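Residue numbers (our numbering): 250 to 418. Everything below concerns the one structure shown next.
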Amino acid sequence: MNRNKKTIVSIVLLTIAIVICFFGYNFYQKKQEEVVSAEKLTAIHEVIKKFNNRNDRNERLNLLKDTLDEQSKYNLSSYKDSKVQEEYKNSITTMRTYFQNDYDNTLKTNTLSEINTVSDEKVITDNKTKLDELTKTIDKEKDYTFETEQQAQNKQTEIEKLVKKYEEL
250 MNRNKKTIVS IVLLTIAIVI CFFGYNFYQK KQEEVVSAEK LTAIHEVIKK FNNRNDRNER
310 LNLLKDTLDE QSKYNLSSYK DSKVQEEYKN SITTMRTYFQ NDYDNTLKTN TLSEINTVSD
370 EKVITDNKTK LDELTKTIDK EKDYTFETEQ QAQNKQTEIE KLVKKYEEL
């Protein structure tokens with residue numbers, strides 16, 4: 250009888266130890282995931298700071314490319330935190346908005362409001378040349394600066410229509 254009690258007590262203690270280890274390990278894993286998420290969020294914020302502080306367009310484009318690559322790698326990982334995914338999405342949207350605003354500003358700057366009243370051929374030629382350059386830039390950057398191919402196509406079509414108007418004069 251004494252031996253049975255020792256066996257039962259040993260089994261109960263062993264079971265309790267296993268349960269404690271199981272919950273301890275799960276708690277540790279959860280803490281590790283939180284640490285990784287916090288590090289990712291900090292890294293994303295640093296990239297956005299760098300992006301905003303850079304004046305060179307190519308550096309900004311490279312930061313966008315790197316962020317898109319990092320997002321893809323993160324989405325393939327086994328643990329995905331919705332906060333990190335949302336932060337990636339927001340930062341990429343911010344970066345893309347910079348480039349799209351730049352496209353829009355270039356388009357606006359090179360759009361003649363009173364196209365039929367412009368008598369200086371050089372002005373039309375210069376604007377047309379700048380719009381052609383813009384089309385080439387968009388074509389080169391569209392994989393990164395637009396979310397969909399259709400968005401890039403729409404912007405290029407808008408520019409091409411304006412260029413055709415300039416050519417008709």
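Just so it is clear, CB atoms sit at the ideal spot from N, CA and C, and this is done for glycine as well. Just so we're clear, the structure is a prediction, and the values are computed from it rather than from any experiment.
Start and end of the alpha helix (DSSP H) containing residue i?
i, result
"E382", "E370 to T394"
"N275", "N251 to N302"
"S326", "Premise fails: S326 is in no alpha helix (DSSP H) and is neither H nor E."
"T360", "Element bounds for T360: n/a, residue is neither H nor E."
"T406", "E398 to E417"
Relative to the C-alpha of residue i, which residue among the options is closest?
i, options, result
"V412", "K377, E390, E398 and Y393", "K377"
"E370", "Y415, V284 and L290", "Y415"
"I297", "Q281, T316, E283 and A287", "T316"
"F395", "E407, M344, V372 and T355", "M344"
"Y347", "F300, Q405 and E409", "F300"
"Q278", "T358, R309, Y328 and L290", "Y328"
"T291", "E336, N359, K389 and Q402", "E336"
"L380", "K410, K391 and K322", "K410"
"L361", "V372, Y352, D351 and D353", "V372"
"D330", "I257, K289, L312 and D392", "K289"
"E390", "E417, A266 and L312", "L312"
"D392", "D318, T355, I408 and E407", "D318"
Tell me whether residue i is buried or exposed, calling it buried when 16 or more other Cβ atoms sit within 10 Å of its Cβ.
i, result
"T374", "exposed"
"L325", "exposed"
"V284", "exposed"
"K404", "buried"
"I293", "buried"
"R252", "exposed"
"N275", "exposed"
"V333", "buried"
"N359", "buried"
"A401", "buried"
Check your understanding: Looking at C-beta atoms only, is the number of pairs between the stretch 373-391 and the stretch 326-345 that lie closer than 8 Å three or more?
Key -> no
Check your understanding: With a cut-off of 8 Å, do at least 3 Cβ pairs link the stretch 297-305 to the stretch 261-278?
Key -> At 8 Å Cβ cutoff, the stretches do not touch.
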